[in-house]
Structures are given as structure tokens and as C-alpha cells.
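J.: First, the structure itself, so that you have it in front of you.
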Amino acid sequence: MPDSLPTDSVGIVTPQTLHFDAPITLACGQTLDSYDLVVETYGELNADASNAVLICHALSGHHHAAGYHHPEDRKPGWWDSCIGPGKPIDTNRFYVVSLNNLGGCHGSTGPNSINPQTGQQYGPDFPVVTVRDWVHSQALLADRLGVRCWAAVVGGSLGGMQALQWSLDYPDRLKHAVVIASTPRLTAQNIAFNEVARQAITSDREFHDGRYYDFDVVPRRGLMLARMVGHITYLSDASMGEKFGRELRDQAYKFGYDAEFQVESYLRYQGERFSESFDANTYLLMTRALDYFDPAYDTDNDLAKALAQASCEFLVLSFSTDWRFTPARSEEMVNAMISARRKVSYAEIESPWGHDSFLIPTPRYMDIFTAYMDRVAREAGA
Numbered sequence: 001m002p003d004s005l006p007t008d009s010v011g012i013v014t015p016q017t018l019h020f021d022a023p024i025t026l027a028c029g030q031t032l033d034s035y036d037l038v039v040e041t042y043g044e045l046n047a048d049a050s051n052a053v054l055i056c057h058a059l060s061g062h063h064h065a066a067g068y069h070h071p072e073d074r075k076p077g078w079w080d081s082c083i084g085p086g087k088p089i090d091t092n093r094f095y096v097v098s099l100n101n102l103g104g105c106h107g108s109t110g111p112n113s114i115n116p117q118t119g120q121q122y123g124p125d126f127p128v129v130t131v132r133d134w135v136h137s138q139a140l141l142a143d144r145l146g147v148r149c150w151a152a153v154v155g156g157s158l159g160g161m162q163a164l165q166w167s168l169d170y171p172d173r174l175k176h177a178v179v180i181a182s183t184p185r186l187t188a189q190n191i192a193f194n195e196v197a198r199q200a201i202t203s204d205r206e207f208h209d210g211r212y213y214d215f216d217v218v219p220r221r222g223l224m225l226a227r228m229v230g231h232i233t234y235l236s237d238a239s240m241g242e243k244f245g246r247e248l249r250d251q252a253y254k255f256g257y258d259a260e261f262q263v264e265s266y267l268r269y270q271g272e273r274f275s276e277s278f279d280a281n282t283y284l285l286m287t288r289a290l291d292y293f294d295p296a297y298d299t300d301n302d303l304a305k306a307l308a309q310a311s312c313e314f315l316v317l318s319f320s321t322d323w324r325f326t327p328a329r330s331e332e333m334v335n336a337m338i339s340a341r342r343k344v345s346y347a348e349i350e351s352p353w354g355h356d357s358f359l360i361p362t363p364r365y366m367d368i369f370t371a372y373m374d375r376v377a378r379e380a381g382a
């Protein structure tokens, strides 16, 4: 953490674990009799509970979106650039809620949690969950927090899918949906990338059919490879070229297969670090939730017909070099919203950083995001 907290930081924050005793039935047909959700909140809920904003996380995200947990922390939460006093999601005006979804591995009930029926970790027995399941659990969380209607539900990537699903499943419980660097469904290429990542994990000899907890091991190499594949898709060719080029770690070729190029070293480092902090079964679960997301599935692939259920306003943002979820996918959403006569604002933002652009506070991105959230705040009386 910096020697002194920036004035636009939410400061030191403490996560909360909320326990839910009422059973929740999932799309797969299975039921969790009880479960925990870990949340962080920033700012204060106003008297009429009209200023609440829900932050939905992406695949490897979690509840810690802003601020610091400890004075010794080297980095703040994963979206600290956008959440805090004077930032797009201004905690002087909004009550901000960020959670770790069901199936996560950062405190919410998931594969590495204890199954009360067996006394052992769930492992591969944890049910497959969907974006719709997450939204259902988030609605129950809103009930617990006293939030009848969100001023906005906001998310990037997989988080944007949740914001979109909110608008369909609970149209009277949000005023705005902010969908950033997202898509209404995965392309075959994206599903293929996810399958390669899953195969990397499940083919690791330490995976043990998902029961690696019983052997006190982790499929570290598989997780590392899965993250390396994913990380490549999050960056653009231009950003990788600018950051690494063909730079060697040393001055000459070694004529071997160790990491000789800087980009190789970077990917290995990212993969190794991820394998130390993320659960393999959760990675499988999250990527499958991505694959299954398709709000037009129940309307004969007519996205406009699906969106006719929505009543909120939308902000959709895409990034020029995002080849994982291209601007064309955002435009598909926007066109469907227009066909469904929904209110939508859209911008494609020039950025060299690929899919990761939604995490990087570039000026035009921040200006557009701030202007929209300022309007949300005014409407909420904040």
C-alpha cells in the first residue's frame, strides 16, 4: 500500500461473509441447502435505498474490487481505478456492493468449501452453475441488504453478462445496466479457448478427477497452462508487441526450450502466480458458465425478443482491439436493444490493450463511464 492512502481510495475495507439458510435451486436441477456469499461494500446506503450499485466480477475476479485489506497490501482491489471518491463509481454518492459469486474460491460457497452432507470438500460434486444462477443469488443478496432496486448493475466481460441477465430476469429491480467488454453469447472460437483451458487442467496428473484436495495436491501445471492461454486472449497483438516485442531475456539465443523471450517469461510468471491463488474446479465451473450464457436461447435465438423483457436503460462499451469479445458482439447487443425499443448508449473506445482494456483507466473510457454514472447518481438523488 502507498505510504499514505490516496484521497480517491475507499481505504481499508473488511469483507463480510453472509450466510443463507434457505435452499437455492440451480438451473442444473440441483439444490444447495445453504450457502455463503462473501461481499464488500463501499459508501453508504441512502435513506430510500436508491443509490445502490452492484459490481459483478469477471472469470477470475472476486469480491475485493476496491481499496486495501491490509496496510501491507501491494495492490488495491481489481477495479480500484473505477471505484472510490470522485471516480466513475463514486463512493461519495453510491453504496457499492461487490461479491464473490457462488462457485468461487475466495470465500463464497464453491468446490473448495465443505459439503455439509459429507463433511468433505465438494470438489467435482459442486453443481455446475450458470449466469442466471448467479443473478438469482445476487437478488437474494439484495433482499438481505435492503436493496429493492439497484441504481445500476455494472460488470465487465463475464460481469457484463450478469448485468445483461439482471435486466431480463429482474427488470423491475434495476434502473441501469452497464455492460462493458462483453457479449450476448460466446463464439465457437471462444468456447474452443475455454475447452483448451479445461483440458489443460483435467489432463494434469495431479487433477485426480477433481478430487485433488484428498491427495493434498494442486493441478498447478494445468492451471498455469489454462491461465497462459486465457491471458493471451485478453491482450492484443499490438499491446504484446509494445510491451515485449521479440526481446530476449539474455542477449543471445540459447538453442533450448526454456523461456528465452520476455513474453514467454511473462506468461509463465502470470500462470504460476494464478495457480497459487485460484481453484482448478472453480476455473472449470466459471468457464462452463461462460459457455452456457445465451439469453436468446429461450426465444429461438431472437435476442431482441429476449430484451423486450428489459425495462432499464443500458450503457454498452466495447474496445477496438478486444478480439476476445469484439466490438461486433457489443454492436449485436445494441442493435437488438434498439429493435426491442430499449434505451441504450453505446461507445467503441480506441484502446491498444485488448480485452483487458476494461480494467485500464484510459481517458476516453473514464470520461464516458463517469458521465453516465453521474447521470445515474443524479437520478438516484445522490
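Heads up: the sequence shown begins at 1 in the UniProt record's numbering, then just goes up one per residue.
Using N, Cα and C, we set each Cβ at its ideal position, and we do this for glycine too.
Only a predicted model underlies this, so the values are computations on that prediction, with no experimental measurement involved.
#1: Starting from the Cα of Tyr95, find the closest Cα among Trp150, Gly241 and Arg211 and give me that residue.
#2: In three-state DSSP terms, what is Ile349?
#3: Count the other CB atoms within 10 Å of the CB of Asp80; is the residue buried (16 or more) or exposed (fewer)?
#4: For Leu99, collect the residues of the same chain with a Cβ closer than 6 Å to its Cβ; drop the 5 residues on either side in sequence, then sort them by chain order.
#5: Considering only C-alpha positions, which residue in the set Ala52, Asn301, Leu140 and Glu332 is nearest to Val154?
#6: Comparing C-alpha positions only, which one of Phe215, Arg173, Asn112 and Pro23 sits nearest to Gln309?
#7: Leaving out five residues before and five after Ser311 in sequence, what residues of the same chain have Cβ atoms less than 6 Å from its Cβ?
#8: Using the C-alpha atoms, what's the distance from Gly354 back to Tyr234?
#9: With C-beta atoms as the reference, is Leu164 less than 8 Å away from Leu290?
#10: Check whether the segment 78–93 touches the segment 371–380, taking contact to mean three or more Cβ pairs, one atom from each stretch, closer than 8 Å.
#11: For Ser357, write down the residues that DSSP places opposite it in a beta bridge.
#12: Please state whether the Cβ-Cβ distance between Cys105 and Asn115 is less than 8 Å.
#13: Have a look at Gly61, Ser60, Ala58 and Trp78 and flag the residue whose alpha-carbon is nearest the alpha-carbon of Gly67.
#14: I believe Ser167 touches Gly84 by the beta-carbon criterion, under 8 Å. Please report the beta-carbon distance rounded to the nearest angstrom.
#15: Could you give the first and the last residue of the continuous beta strand (DSSP E) run that contains Ala27?
#16: Which runs of the alpha helix (DSSP H) fall wholly inside the segment 115–189 and span at least 4 residues, in chain order?
#17: Cβ atoms of Ser182 and Gly160: under 8 Å apart, would you say?
#18: Helix, strand or coil: which one does DSSP assign to Gln270?
#19: Is Phe94 helix, strand or coil when you go by DSSP?
#20: When the distance is taken between beta carbons, is Lys175 closer than 8 Å to Glu379?
T.: According to the data block:
#1: Trp150
#2: strand
#3: buried
#4: Leu37, Val39 and His63
#5: Ala52
#6: Arg173
#7: Pro171
#8: 6 Å
#9: no
#10: yes
#11: Bridge partners of Ser357: none, in fact.
#12: no
#13: Trp78
#14: About 26 Å; that fails the 8 Å criterion.
#15: Run containing Ala27: none; DSSP gives neither H nor E here.
#16: 131–145 and 158–169
#17: yes
#18: helix
#19: coil
#20: yes
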